[in-house]
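2 protein chains.
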Amino acid sequence: MITSVRNPRIADVTRLKRSRERRATGRTTIDGPFLLQEAVRNSVVVREVFALPDDTVTAEVARSEGLELVEVSPDVLTRLASSVNPRGPVAVVDIPPPAELSTGDAIVLWEISDPGNAGTIIRTAAAFGFQVVASSETVDLWSPKVLRAGVGGHFRTRIVTGVDHIEDLDRVGLVPLAMATGGIAIDKVDMSDPTPVAFIVGNEAHGLPSGLRDGATAVSLPMPGGTESLNAGVAASIAMFLRMTRRR
Amino acid sequence: MITSVRNPRIADVTRLKRSRERRATGRTTIDGPFLLQEAVRNSVVVREVFALPDDTVTAEVARSEGLELVEVSPDVLTRLASSVNPRGPVAVVDIPPPAELSTGDAIVLWEISDPGNAGTIIRTAAAFGFQVVASSETVDLWSPKVLRAGVGGHFRTRIVTGVDHIEDLDRVGLVPLAMATGGIAIDKVDMSDPTPVAFIVGNEAHGLPSGLRDGATAVSLPMPGGTESLNAGVAASIAMFLRMTRRR
Chain A
1 MITSVRNPRI
11 ADVTRLKRSR
21 ERRATGRTTI
31 DGPFLLQEAV
41 RNSVVVREVF
51 ALPDDTVTAE
61 VARSEGLELV
71 EVSPDVLTRL
81 ASSVNPRGPV
91 AVVDIPPPAE
101 LSTGDAIVLW
111 EISDPGNAGT
121 IIRTAAAFGF
131 QVVASSETVD
141 LWSPKVLRAG
151 VGGHFRTRIV
161 TGVDHIEDLD
171 RVGLVPLAMA
181 TGGIAIDKVD
191 MSDPTPVAFI
201 VGNEAHGLPS
211 GLRDGATAVS
221 LPMPGGTESL
231 NAGVAASIAM
241 FLRMTRRR
Chain B
249 MITSVRNPRI
259 ADVTRLKRSR
269 ERRATGRTTI
279 DGPFLLQEAV
289 RNSVVVREVF
299 ALPDDTVTAE
309 VARSEGLELV
319 EVSPDVLTRL
329 ASSVNPRGPV
339 AVVDIPPPAE
349 LSTGDAIVLW
359 EISDPGNAGT
369 IIRTAAAFGF
379 QVVASSETVD
389 LWSPKVLRAG
399 VGGHFRTRIV
409 TGVDHIEDLD
419 RVGLVPLAMA
429 TGGIAIDKVD
439 MSDPTPVAFI
449 VGNEAHGLPS
459 GLRDGATAVS
469 LPMPGGTESL
479 NAGVAASIAM
489 FLRMTRRR
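For the record, the sequence lines run as chains A and B.
Residue 126 in our numbering sits at position 126 of the first sequence, and the numbers go up by one each step.
Residue 472 in our numbering sits at position 224 of the second sequence, and the numbers go up by one each step.
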């Protein structure tokens with residue numbers, strides 16, 4: 001059992017908390033039994049699994065799936081995990097190869113900075129059948145916090161990164177719809193048209209750059225008061241729900 | 249300027265991080281310039297404001313509104329705040345008196361435990377014109393973290409706490425709709441009926457107790473895959489959006 005947070009193997013995994021290290025190695029970490037189960041179920045490559053010695057559930061998963069299991073002390077597990085009071089396991093997995101933009105409904109994260117919002121959007125996209133597209137300035141979608149909020153959606157939906165031009169959406173035939181204030185009320189937009197759409201959600205504080213808004217149709221969520229705002233994950237999710245129910 | 253985190257006045261405010269202390273004093277803390285502005289705008293009683301000496305914006309707000317301003321060092325501000333890198337201010341405010349359940353559309357938080365989810369639901373409720381109702385086992389809606397995720401919605405919507413029986417909803421004429429798997433697809437429910445509804449959202453991990461589900465009509469968000477789940481704040485927000493657009 002590893003009991004020292006200074007153990008070199010533990011130090012290697014801890015470095016995956018940095019996005020640069022994740023990019024360099026092509027690996028990330030996932031927290032908890034549910035994400036491990038989802039990773040295995042979706043054929044994600046699991047490199048190693050760190051768990052407490054009394055974690056018999058994880059030991060059984062590791063045995064039946066042929067995964068390398070490393071027993072660690074609670075201190076070490078806390079160091080590896082992205083949550084505050086982990087009960088484990090923490091696993092190192094390969095980040096799946098980046099997908100290409102396809103001709104299907106998309107949600108586009110444009111400089112989204114909050115890991116919880118990004119993960120929530122991925123979770124909803126997986127539930128409602130949307131591909132997830134992110135600009136280069138968006139938070140790293142493969143960070144442990146985004147994975148946690150994604151609750152497995154990462155492994156079941158197409159994730160496309162590094163899309164920084166609205167023309168990239170046009171090229172595969174997506175109709176760009178910018179979620180912004182002062183646009184067309186979204187419940188008045190014809191969502192039954194079979195042409196795929198790309199809802200674009202901007203940064204939580206700054207919204208969308210004007211150049212991007214010019215190239216897209218602005219759509220808004222109607223609010224009776226008019227002075228309110230919505231959480232970015234909520235706004236994106238409502239848009240996806242409307243499209244999903246109307247395209248059926 | 250207060251520079252010691254052991255200063256008794258700072259210790260008093262720090263104790264408000266505990267829900268028991270908030271209940272005993274009837275006070276809580278809010279973080280950041282936006283929440284302070286919203287509190288002032290909505291006539292919330294602001295007891296004292298802690299800010300860095302170079303925070304001229306907060307100094308001007310305090311001067312024009314006649315608020316007591318206390319200058320503190322960055323260390324002290326960090327101790328008072330609920331965020332990791334606060335730039336301030338942190339203000340002590342009176343928790344508004346609890347509201348009574350009224351005959352209008354409601355979102356009911358049943359043992360919701362995540363502060364971010366609770367705050368997101370309050371933010372959406374304020375935007376879409378819903379009263380917010382919470383069971384006793386729900387996270388304290390007046391915690392600094394819930395207030396932060398609420399982005400001012402707390403001060404602009406009716407908040408009712410301590411509702412632990414479905415009969416309480418019946419009594420004021422609300423139709424209880426339990427958000428659960430295996431219910432009627434929510435987009436098939438007649439949402440244009442003028443009778444007010446109460447959407448009930450259960451605990452993130454355990455859902456709704458069976459006794460509660462028996463007394464309500466179960467409604468579900470349709471998902472093409474069927475095996476997915478949604479974030480509780482997202483599910484509640486989609487339900488509120490549908491009702492809001494159809495009752496107009």
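Every residue, glycine too, gets a C-beta built ideally from N, C-alpha and C.
CB-CB length for V201(A) against M179(A), believed under 8 Å: Counting from 1 along the first sequence, the entry for residue 201(A) is found at position 201. Counting from 1 along the first sequence, the entry for residue 179(A) is found at position 179. V201(A) to M179(A), Cβ: 5 Å. Contact.
Just to make sure I have the definition right: I need the residues of chain B whose C-beta is within less than 7 Å of the C-beta of V151(A). Which are they? The sequence position of residue 151(A) within the first sequence is 151, counting from 1. Result: S477.
The region 405-419 of chain B / the region 361-381 of chain B touching (three or more Cβ pairs under 8 Å): yes
Buried or exposed: P115(A), going by 16 or more other Cβ atoms within 10 Å of its Cβ? Taking the first residue of the first sequence as position 1, residue 115(A) is located at position 115. So P115(A) counts as buried.
For the candidate residues A239(A), R22(A), R247(A), whose alpha-carbon lies nearest to that of D187(A)? Numbered from 1 along the first sequence, position 187 holds the residue referred to as residue 187(A). Among A239(A), R22(A), R247(A), the Cα nearest to that of D187(A) is on A239(A).
The region 351-365 of chain B / the region 216-223 of chain A touching (three or more Cβ pairs under 8 Å): no
Using DSSP with H/G/I as helix, E/B as strand and the rest coil, what is L357(B)? Walking along the second sequence from the start, residue 357(B) turns up at place 109. If DSSP states are grouped into helix, strand and coil, L357(B) belongs with the strands.
Would H165(A) be called buried (16 or more neighbouring beta carbons within 10 Å of its own) or exposed? Counting from 1 along the first sequence, the entry for residue 165(A) is found at position 165. By the neighbour-count rule (16 or more Cβ atoms within 10 Å), H165(A) is not buried but exposed.
So with Cβ pairs under 8 Å, would you call A374(B) a contact of chain A? The residue given as residue 374(B) occupies position 126 in the second sequence. Yes, contact with chain A.
Along chain A, in chain order, which residues have C-beta atoms closer than 8 Å to that of S350(B)? To locate residue 350(B), count along the second sequence from 1; it is residue 102. Those do not exist, as S350(B) stays about 16 Å from chain A at its closest Cβ, beyond 8 Å.
Can you tell which of T273(B), V482(B), A484(B) has the C-alpha that lies nearest to the C-alpha of I343(B)? Mapped onto the second sequence, residue 343(B) falls at position 95. Taking only the C-alpha atoms, the option nearest I343(B) is T273(B).
If we define contact as Cβ-Cβ less than 8 Å, is F50(A) a contact residue for chain B? Residue numbering aside, residue 50(A) sits at position 50 when the first sequence is read from its first letter. By this cut-off, F50(A) is not an interface position.
At a Cβ threshold of 8 Å, is V40(A) touching chain D? Of the chains in the structure shown, none is chain D; the protein chains are A and B.
What residue does the beta strand (DSSP E) around M179(A) start on, and which one ends it? Taking the first sequence and counting its residues from 1, one reaches residue 179(A) at position 179. It spans 175-185 - the beta strand (DSSP E) in which M179(A) sits, taken as one unbroken run.
Relative to the C-alpha of G152(A), which residue among T120(A), E137(A), E167(A) is closest? Counted from its first residue, the first sequence places residue 152(A) at position 152. The candidate whose alpha carbon is nearest that of G152(A) is T120(A).
Just curious, the alpha helix (DSSP H) that L77(A) is in, first and last residue? Here the question's residue 77(A) lines up with position 77 in the first sequence. It spans 74-80 - the alpha helix (DSSP H) in which L77(A) sits, taken as one unbroken run.
If the cut is a Cβ gap below 7 Å, which residues of chain A does M471(B) touch? As a first step, residue 471(B) must be located in the second sequence, where it is residue number 223. Neighbours of M471(B) on chain A, chain order: A127, F128.
Which residue spans inside the region 368-408 of chain B form an unbroken beta strand (DSSP E) run of at least 3? 379-382
So for S468(B), helix, strand or coil by DSSP? Residue mapping note: residue 468(B) aligns to position 220 of the second sequence, counting from 1. In the structure shown, S468(B) sits in a strand (DSSP, three-state: E or B).
Tell me which residues of the region 187-220 of chain A have at least one Cβ-Cβ distance to chain B shorter than 9 Å, keeping chain order. D187
Any non-hydrogen atom of the ligand ATP within 7 Å of S384(B) CB: Although the ligand ATP was asked about, the structure shown includes no ligands whatsoever.
For V320(B), which residues in the same chain have their Cβ closer than 6 Å to its Cβ, ignoring the five residues on either side in sequence? Within the second sequence, numbered from 1, the residue matching residue 320(B) stands at position 72. Within the same chain, V320(B) has close Cβ partners I250, F298.
Rounded C-beta distance between P281(B) and P337(B)? I'm assuming under 8 Å. As a first step, residue 281(B) is located in the second sequence; it is residue number 33 there, counting from the start. As a first step, residue 337(B) is located in the second sequence; it is residue number 89 there, counting from the start. At roughly 7 Å, the Cβ-Cβ gap stays under 8 Å, so P281(B) and P337(B) are in contact.
For F403(B) and M492(B), believed in contact at Cβ under 8 Å, the rounded distance: As a working note, residue 492(B) is residue 244 in the second sequence. As a working note, residue 403(B) is residue 155 in the second sequence. 20 Å between Cβ atoms; not a contact.
For A185(A) versus P222(A), is the C-beta spacing smaller than 8 Å? Taking the first residue of the first sequence as 1, we reach residue 185(A) at position 185. Taking the first residue of the first sequence as 1, we reach residue 222(A) at position 222. Contact flag set, yes.
Skipping 5 residues on each side, what residues in its chain have a beta carbon closer than 7 Å to that of T258(A)? In the structure displayed, chain A extends from 1 to 248; residue 258(A) sits before or after that span and is not available.
Anticipated Cβ contact below 8 Å, L478(B) with R123(A), distance rounded: Numbered from 1 along the second sequence, position 230 holds the residue referred to as residue 478(B). Numbered from 1 along the first sequence, position 123 holds the residue referred to as residue 123(A). At roughly 7 Å, the Cβ-Cβ gap stays under 8 Å, so L478(B) and R123(A) are in contact.
Over what stretch of residues does the beta strand (DSSP E) that includes T245(A) continue unbroken? Start at 1 with the first residue of the first sequence, and residue 245(A) comes out as number 245. T245(A) -> not in any beta strand (DSSP E); alpha helix (DSSP H) instead, spanning 232-247.
Quick one: does T181(A) have its CB under 8 Å from some CB of chain B? What you label residue 181(A) is simply residue 181 of the first sequence in a count that begins at 1. T181(A) does not count as touching chain B.
In chain order, which beta strand (DSSP E) runs of at least 3 residues are fully inside the region 1-50 of chain A? 27-31
So, for D388(B): in the same chain, excluding its five sequence neighbours on each side, which residues have a beta-carbon less than 6 Å away from its beta-carbon? Walking along the second sequence from the start, residue 388(B) turns up at place 140. Excluding positions up to five away in sequence, the list reads S267.
Any C-beta of chain A within less than 8 Å: which residues of the region 360-394 of chain B qualify? G364, T368, R371, T372, A374, A375, F376, G377
Can V93(A) and R47(A) be called in contact, C-beta distance under 8 Å? As a working note, residue 93(A) is residue 93 in the first sequence. As a working note, residue 47(A) is residue 47 in the first sequence. Yes, these two residues count as a Cβ contact at 8 Å.
Per the DSSP calculation, A446(B) is bridged to which residue(s)? As a first step, residue 446(B) is located in the second sequence; it is residue number 198 there, counting from the start. Note: A446(B) sits in a beta bridge opposite A354(B), P424(B).
If you count every other CB in all the chains shown that lies within 10 Å of the CB of P224(A), and 16 or more means buried, which is it? Against the first sequence, residue 224(A) aligns to sequence position 224. Its Cβ having fewer than 16 others within 10 Å, P224(A) is exposed.
Checking contacts by CB at 8 Å: is G336(B) closer than that to chain A? Indexing the second sequence from 1 puts residue 336(B) at position 88. No, no contact with chain A.
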